[in-house]
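>
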Amino acid sequence: MAEQAILSYLETHEEIADSGNFAAECGIDHAEIVNAIKSLHGFLYVESQDIKKETWVLTDEGKKYAAEGSPEVQLFLAVPAEGSIAKDELQKKFDPAIFKIGCSQAGKNKWVEMGRQVSRKVVQVEDKVKDLLLKIQKGQVIGQVDINSLKARKLIVLQTWKGYSVRKGPSYAPQREKFATDLTRENLQSGDWKKLKFKEYNFNAKGPPSECGHLHPLNKARCFEEMPTNRYVESSFWNFDALFQPQQHPARDSHDTFFLKTPSTTMQLPEDYVERVKQVHESGGYGSRGYNYEWKREEANKNLLRTHTTAISSRMLYKLAQDTKQNGFTPKKYFSIDRVFRNEAVDRTHLAEFHQIEGLICDRGLTLGHLIGVLEDFFKRLGMSNLRFKPAYNPYTEPSMEIFSYHEGFGKWVEIGNSGMFRPEMLQPMGFPEDVRVIAWGLSLERPTMILYGIDNIRDLFGHRVDLDLIKKSPLCLIGIK
Ligand code: PHE
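If you read the sequence shown in our numbering, its first letter stands for residue -18, the second for the next number, and so on.
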């Protein structure tokens, strides 16, 4: 309606000088007129110019007096025409604020005699305040002296009013042309598609937000947080020493580990923690006898390509222990999937670089039973329910278990991971409370994948010899499908 009113008016008039007056004349809400102007402007039907006007509008208090009368008149009318009324009694008739203002204004106007008793001093009064407020409400102009007094009483405030003056635009037409946005079956059947004007396709329009999966907060709370594994280069300290792996351990030999030439050593380690790690290696503590050898800082400083993602677990646990000291202990579940490196002879089942799925749960009261349960659950979801556990040895876990799964192709049990409960010699120097336990595992990503997809040479799965065709042809997801 507003749109048609504007277009029709401009058909016979040069200009709509003031959208406010125009709205009042048409009896349409100004906001509606403004919306129509904006939309018509967008399609170049009209040109518009801003008009800003300062107008006085009533405050809430002003609106109340415009409706009910000013306090002074209300008060005057409550005083009997003849005789008088006790002030206390008069007060009971009013809300305290109205009474106070009424008394002071009516007194000032010399309308009433105020004392213990209140009586009228004049026969009749006019409610000038109410009349002025009503005029302002209607948009009429009033004198500056009156404005000042209403403003002083906070009954009116200045408001900036925004409107437009409007003229025909370059695409003006007395009626807005309707564009079709869809080509329907009816259009085709009736043949009216030939006459229809179609709306141009807007390639810049944003598409509807895409639907995707979301996590309920309860699920999130149950979830594993991903560890930041974005560092292939690690110091021996976090890869070995923090994990209570002695410095003479064969894994720390260059036959098993790639050490870095440049930079060959790490720049920074947390010194007080390094000291506690040294102590536990040399002489034990926390109920341990240690290894009884001379721990060397230079050995810990050496940079290497991380041999397991457990290096990141040790960093994360150290951080968690620091946080525990400040804010108390919060149980955590962490995971990561990333690459590790070992200086190994390459064969059908071994590569010098491969991926590990690392996980840990840190909480009070955890047992080996929890670890077995978590691992069985994990592999079952990948479609592998035939698991075996074998006691093993890691310097950082006790007890430790290797995990085996049956490989149909090989016709034998294949080791797919290693796990255990982190030793107190690792957790205590970090600063964890004594009763906090950590169950942890490091799984090969390649091995279970080979088992699931029946690949019997690891080099067909990873590295430069992988057949790209095989990747292109393989379905996105096969997990659990026989
Ligand atoms: N770091 C071990 C490996 O590389 C795996 C492991 C992780 C074992 C955590 C126990 C605990 O084989």
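Even glycine gets a Cβ: it sits at the ideal position worked out from N, Cα and C. Computed from a predicted model, the values in this text were never measured in an experiment.
#1: What number of angstroms, rounded off, separates the C-alpha of Lys314 from the C-alpha of Gly23?
#2: When DSSP builds the beta bridges, which residues end up paired with Gln337?
#3: Which residues in the same chain have their Cβ closer than 8 Å to the Cβ of Leu426, if we skip the five residues on either side of it in sequence?
#4: Checking 9 Å against the spacing of the C-beta atoms, do Ser191 and Lys283 come in under that value?
#5: Helix, strand or coil: which one does DSSP assign to Ile123?
#6: Expressed to the nearest angstrom, what Euclidean distance is found between the alpha-carbon atoms of Ser500 and Thr378?
#7: With 16 other CB atoms within 10 Å as the buried threshold, where does Ala421 fall?
#8: What would DSSP say about Arg345, mapped onto helix, strand or coil?
#9: Assuming contact is defined by CB atoms lying nearer than 9 Å, are Asp108 and Val54 in contact in what I supplied?
#10: Taking 9 Å as the threshold (C-beta atoms), are Pro376 and Pro227 in contact?
#11: Cutting at 6 Å between CB atoms, please list the residues of its own chain near Asp344, excluding the five before and the five after it.
#12: Taking DSSP as the reference, what is the three-state secondary structure of Asp441?
#13: Whose C-beta lies closer than 7 Å to the C-beta of Thr290 among residues of the same chain, with five residues either side of it excluded?
#14: Look at the alpha carbon of Arg418 and the alpha carbon of Asp448, and state the distance between them as a whole number of angstroms.
#15: According to DSSP, is Glu406 helix, strand or coil?
#16: How about Phe80 and Gln86: are their beta carbons less than 9 Å apart?
#17: Indicate, with yes or no, if the ligand PHE has a heavy atom lying under 8 Å from the CB of Thr291.
#18: Can you tell me where the beta strand (DSSP E) with Arg101 in it begins and where it stops?
#19: Assuming Glu158 contacts Lys178 under a Cβ cut-off of 8 Å, what Cβ separation, rounded to an integer in Å, is found between them?
#20: Candidates Glu35, Lys45 and Leu(-12): which alpha carbon is nearest Lys19's?
#21: Give every residue of the same chain whose Cβ lies closer than 7 Å to the Cβ of Leu477, excluding the five residues on either side of it in the sequence, and list them in chain order.
#22: What is the DSSP secondary structure of Ala17, reduced to helix, strand or coil?
#23: How big is the Cα-Cα spacing for Gly265 and Gln409?
#24: So, at 7 Å on beta carbons, what are the nonlocal neighbours of Lys91 in its own chain, with the 5 sequence-adjacent residues on each side left out?
#25: What is the C-beta distance between Ile123 and Val99, in whole angstroms, given that I count them as a contact (C-beta under 8 Å)?
The relevant details are as follows:
#1: One C-alpha to the other measures close to 55 Å.
#2: Bridge partners of Gln337 according to DSSP: Asp319 and Ser425.
#3: Around Leu426: Ile318, Phe335, His336, Gln337 and Ile338.
#4: No, they are not a contact pair.
#5: Coil at Ile123, not helix or strand.
#6: Here the chain has residues from -18 to 463 only, and residue 500 is not among them.
#7: Residue environment for Ala421: buried (at least 16 other C-beta atoms within 10 angstroms of its C-beta).
#8: Strand, per DSSP.
#9: Contact: yes.
#10: Closer than 9 Å, so yes.
#11: Cβ neighbours of Asp344 beyond the five flanking positions: Pro312.
#12: It is helical.
#13: Cβ neighbours of Thr290 beyond the five flanking positions: Thr210, Ser317, Asp319, Val321, Gln337, Glu339 and Gly423.
#14: Arg418 and Asp448: Cα-Cα distance of roughly 44 Å.
#15: DSSP places Glu406 in helix when its eight states are reduced to three.
#16: No; because the gap between Cβ atoms is not below 9 Å, this pair is not in contact.
#17: Yes, the Cβ of Thr291 comes within 8 Å of a heavy atom of the ligand PHE.
#18: Element bounds for Arg101: Gln98 to Arg101.
#19: Right, the Cβ-Cβ distance comes to about 6 Å (below 8 Å), so this counts as a contact.
#20: Nearest Cα to Lys19 within the set Glu35, Lys45 and Leu(-12): Leu(-12).
#21: Only positions -18 to 463 of the chain appear in the structure, and residue 477 is not among them; the question remains open.
#22: In the structure shown, the three-state DSSP call for Ala17 is helix.
#23: Cα to Cα, the separation comes out at about 11 Å.
#24: A distance below 7 Å between beta-carbons, with the five flanking residues on each side excluded, links Lys91 to the following residues of its chain, in chain order: Lys102.
#25: Actually they do not touch by this definition, with Cβ atoms about 31 Å apart.
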